[in-house]
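Right, one structure below, let's go through it.
2 protein chains.
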Amino acid sequence: MTTSRDIARAAGVSQTTVSRVLQDHPNVKPETRERVLNVLREMRYVPNAMARAMVTKKTGTIGVVVEKITNPFYPELLEALHRELAAANRRVILWNSGEAGEPSAIEAIRQGVVDGVIFTTARAESSALREAVSRETPAVLVNRYIKEIECDWVTTDNVNGGRTVAEYLIGCGHKRIGLISGIPGVSTGGDREVAFRRALDDRGMKLDENLCRSGDFSHHSGYKAMLELLKLPEPPSAVFCVNDLTAFGALDAARALNVTVPDDIWVIGSDDIDMASWEAFDLTTVRQPIPEMARVAVDILLRRIADPARPLERYVFSGELIIRGSTAHLRPE
Amino acid sequence: MTTSRDIARAAGVSQTTVSRVLQDHPNVKPETRERVLNVLREMRYVPNAMARAMVTKKTGTIGVVVEKITNPFYPELLEALHRELAAANRRVILWNSGEAGEPSAIEAIRQGVVDGVIFTTARAESSALREAVSRETPAVLVNRYIKEIECDWVTTDNVNGGRTVAEYLIGCGHKRIGLISGIPGVSTGGDREVAFRRALDDRGMKLDENLCRSGDFSHHSGYKAMLELLKLPEPPSAVFCVNDLTAFGALDAARALNVTVPDDIWVIGSDDIDMASWEAFDLTTVRQPIPEMARVAVDILLRRIADPARPLERYVFSGELIIRGSTAHLRPE
C-alpha cells in the first residue's frame, strides 16, 4: 500500500507537506500543492481508514439498530436514514436486533467501532441502549422514546394519533369499536393504544374488552386477531390496528372470510407506509413523516457527536389522519 | 481508556503475559492467568477494535450492497444474510446503492474497512463490483451473476424458472400471453424473460410484442404496465411478471379496473417473497430459496476471505413453481 512517505519521496517534499496538502492547509505554495496532488493521483493514494480512525478517534460510521427489517416500515425509515447519512458522508453499520444483533451492537459500542447509534426499535429494557447511554456514546431514538433514559429522540405524536382515530370513529357513528394492539413496552403502539382508549372513555364509550386483541405488529398477528373478531356473534363495526402491517393482516382476514371493507367493517392503521396506498389495502391510517423524521434524527446525532455535552433534544412531529377506502371516506363531524 | 499496559501494571506482570492471557496462550501459569483475568474484569478491559484491525488486517465486518431496500425481496434476503453473518460473529455494513451508496462502498473497499462484500444487486456495469474484483477484495454475488467478472456467485436457475412458467401457461391452454419485464442488464429478470420467450417460441407461440411492457421491478411499474395491457381491445389472458413486486402492482391494476383474477386474467410472479402468500395477492410464482441462498453465500465468502486464491465457486439453486389463487389452481398437463 502506498504511504504518505512514498508520496513525499516521489514529490520531493516532506511528509509534513503531504499532510498539509491532504488537510487543505493554507500554508503550502500553489505549485507545491499542484505537484503533490499530481503524485497523489498518479500513485492512487488513499488514506488508510483504520490508521485515520486511530488518530482522529472518529470512524465515520454510524450504527443503526432495527428490530425487524422485514416489517416494511423499517426499510422505509432505513432508506431515509441511509440517504441522510450518505449525504453527510457517513457509513452505516446495520444491526437487526431481532436476529441476535443486539450483542453485536453492544460490542461495537464498547470497541468504538461506531461514532454514534440510531435506535429505531428500543424498548425500555434494551440493554444495547443502556450500554450506549452509560458509555456516553451519542445515541438517538427514532420512532421510540424511553422515559427512564437520558437520550435524544425523534418521534411522532402517537398520543394525538390514537385520540384522532377514536374521535374520527365516534364522529362517524361507530358504537362497536375494536382494537388490535402491539407488543407491551414499545412506546409507539402503547401511546396509540392508551390515547385511543382514553379518548373513547372521555366520550363515555369505554372500549369493550371482548373486541380487543393483542398483536405483535406483524401481518400474521393482525390476520389471526381479525379472524377471531369477525367470528364473534357480534363483530365490531370498526377496528383500529396500532400499525399498518397489522392492519394489512386484518384486511386479509376480512378478505379470507368474504367480509367486505368498508361496507361490513372499517379498518384503520397507523404509520402510512407506502404499501398503505396500494389498491390491495387502500388503508385509512395516521401518517408518520418518515423522511422528515430521518432528517432530524441524523441532524441531532451529528450535533451530539460534535458536542456530547449539549442539552438533550426531543423532537415530536404531529401525525395526520389519511382517509382512504378502508373506511367510508367520511370526514369526522 | 484502559490499555494492556495498565492491566500489566495492576496485575504485576509483563505486557507480554497480558497478551498471552488474552490470546489463550498455553505458556502462562494457571495462578498468573487467574490474576490477570481478575484484573481484566475489574478494569473492564475491552481490546480496541481499530488497534486489533491494524494488526490482524481483518475488520470482522462484511459489506452488503443492496440496490433498493424498500423492495421487500431485499429485506428478506438481508435478514437471512444478517442471521448467517451474526452467527459467524461478523458485523454488517449496509450500502443501499440506489441511494448513492455505491461510491461509499468503493471507498470502504479501497480503505480496507470491510473484509469482504456481498453484492445483492450488481449489474454488468457496476463500478463497485469491478473495483472489488480488481483489488482482490473477496466478493460474492447473490441473486445475480455477471459473465464478464471473475467472482463467486449464488443464484437461482432463472432460465429454468422462465421456461417453467411458459410451459405451465401453454399447458393450461393460454393463447394470449403477456409479459412485464425488468430493467435491462440485470441477470435475474433478463434470464427469466429470455427463457420465457424462448420456451414460447419453441412451442410455436411466439410472444406478441403488443402484449409486452417494460417495468423496473417496482409495484408502480407493474401497475402502470397492467393498466395499459387491460385497456387493449384484446387484453392478454395471462401475464408473467419477472418479479413478485411487479406482479403485486399488476394485481392492483386489475383490482382498480374491477378485472377479476384469475377469472378474467391470470398473473404470475417470480421470487415467492413472504407477501406473495398474503390473501391480498395469493400469487402463483417461482420460489427462490432465500434462506438457503444466504447460507451458501456467507459460507462461500468466508472461505474466500480465508483463501483468496481458491477456485471460483458458483452455486445455482433450482426454483419451484408455487401455484396459488392468481392462476386457476391448475397443474400443467
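Taken in sequence, the protein lines are chains H and B. The number in the working numbering is simply the position in the first sequence, starting from 1, with 4 added. The number in the working numbering is simply the position in the second sequence, starting from 1, with 4 added. All C-beta atoms, glycine included, are put in the ideal place defined by N, C-alpha and C. Quick caveat: nothing in here was measured; it's all calculated off a predicted structure.
| In chain order, which continuous runs of the alpha helix (DSSP H) of length 4 or greater are located wholly inside the segment 62 to 121 of chain B? | 77 to 91 and 106 to 115
| task | Under 7 Å between beta-carbons, which chain H residues line up against V144 (chain B)? List them in chain order, please. | result | In chain order: nothing, as chain H lies at least about 18 Å away.
| Inter-stretch contact at 8 Å, needing at least 3 Cβ pairs: the segment 151 to 161 of chain H / the segment 293 to 306 of chain H | yes
| field | Pairwise C-alpha distance: P79 (chain B) and A280 (chain H) | value | 18 Å
| said: With distance defined between alpha-carbon atoms, name the residue in B:Y149, B:E152 and B:E197 nearest to N164 (chain B). | reply: B:E197
| field | Interface partners of E83 (chain B) on chain H, CB under 7 Å | value | I73, T74, N100 and E103
| In terms of residue numbering, what span does the beta strand (DSSP E) encompassing L183 (chain B) cover? | I181 to S185
| task | Flag P79 (chain H) as yes if its beta-carbon sits less than 9 Å from any beta-carbon of chain B, otherwise no. | result | Under the 9 Å criterion on CB atoms, P79 (chain H) is classed as interfacial with respect to chain B.
| request: Using only alpha-carbon positions, find the residue among H:L287, H:E171 and H:I309 that is nearest to D278 (chain H). | output: H:L287
| field | 9 Å Cβ cutoff, T21 (chain H) in contact with chain B | value | no
| task | For V271 (chain H), name the three-state secondary structure that DSSP assigns. | result | strand
| query | Around the Cβ of D119 (chain H), are there at least 16 other Cβ atoms within 10 angstroms (buried) or fewer (exposed)? | reply | A residue is called buried once 16 or more other Cβ atoms fall within 10 Å of its Cβ, and D119 (chain H) is buried on that count.
| DSSP-derived helix/strand/coil call for E152 (chain H) | coil
| query | The alpha helix (DSSP H) with A199 (chain H) in it runs from where to where? | reply | S191 to D206
| Continuous alpha helix (DSSP H) stretch holding F252 (chain B): start and end | Per DSSP, F252 (chain B) belongs to the alpha helix (DSSP H) from D248 to A260.
| What are the boundary residues of the beta strand (DSSP E) that includes V243 (chain B)? | A242 to C245
| request: Would you mind giving the Cβ-Cβ distance between T21 (chain H) and V40 (chain H), rounded to the nearest angstrom? I have them listed as a contact below 8 Å. | output: 7 Å
| Burial state of E71 (chain H), where buried means 16 or more other Cβ atoms lie within 10 Å | buried
| field | Closer than 9 Å to chain H by CB, E38 (chain B) | value | no
| request: Could you work out which residues of chain H lie near I97 (chain B), taking near to mean beta carbons separated by less than 8 Å? | output: Neighbours of I97 (chain B) on chain H, chain order: T65, R95, V96, I97 and L98.
| task | Have a look at G194 (chain B) and D212 (chain B) and give me their C-alpha separation to the nearest angstrom. | result | 18 Å
| request: Could you tell me the distance, in whole angstroms, from the CA atom of R94 (chain B) to the CA atom of I66 (chain B)? | output: 7 Å
| message | Counting only C-beta atoms, is D206 (chain B) closer than 9 Å to chain H at any point? | response | Judged by the 9 Å Cβ criterion, D206 (chain B) is not in contact with chain H.
| Candidates H:V17, H:V144 and H:R87, of which the one nearest I309 (chain H) by Cα | H:V144
| task | Count the other C-beta atoms from every protein chain shown that fall within 10 angstroms of the C-beta of E35 (chain B), then say buried if there are 16 or more, exposed otherwise. | result | exposed
| query | Is it the case that the Cβ atoms of I73 (chain B) and H86 (chain H) are separated by a distance below 9 Å? | reply | yes
| task | Assign L316 (chain B) to buried or exposed, taking buried as 16 or more other Cβ atoms, counted over all protein chains shown, within 10 Å of its Cβ. | result | By the neighbour-count criterion, in which a residue is buried when 16 or more other Cβ atoms sit within 10 angstroms of its Cβ, L316 (chain B) is exposed.
| said: Please report whether the beta-carbon of F221 (chain B) lies at a distance below 9 Å from any beta-carbon of chain H. | reply: no
| Cβ distance (whole Å) where I184 (chain B) is taken to contact V246 (chain B) below 8 Å | 7 Å
| Looking only at its own chain, which residues have a Cβ that is under 8 Å from the Cβ of P312 (chain B), when we skip the five neighbours before and after it? | E140 and P142
| Excluding the five sequence neighbours on either side, which residues of its own chain have a C-beta within less than 8 Å of the C-beta of A12 (chain H), listed in chain order? | Only S18, Q19, T21 and V22 meet the Cβ criterion.
| Taking contact to mean at least 3 C-beta pairs separated by less than 8 Å, is the segment 146 to 155 of chain H in contact with the segment 323 to 331 of chain H? | no
| field | L231 (chain H) versus H:K210, H:L255, H:L249 and H:F244, residue with shortest Cα-Cα distance | value | With distances taken between Cα atoms, L231 (chain H) lies closest to H:L255.
| message | Can you look up R134 (chain H) in the DSSP assignment and give me helix, strand or coil? | response | Residue state, collapsed to three classes: helix.
| task | Whole angstroms is fine: what's the gap from M58 (chain H)'s alpha carbon to R167 (chain B)'s? | result | Its pLDDT being 49, under 50, M58 (chain H) is placed unreliably by the model, and nothing is read from it.
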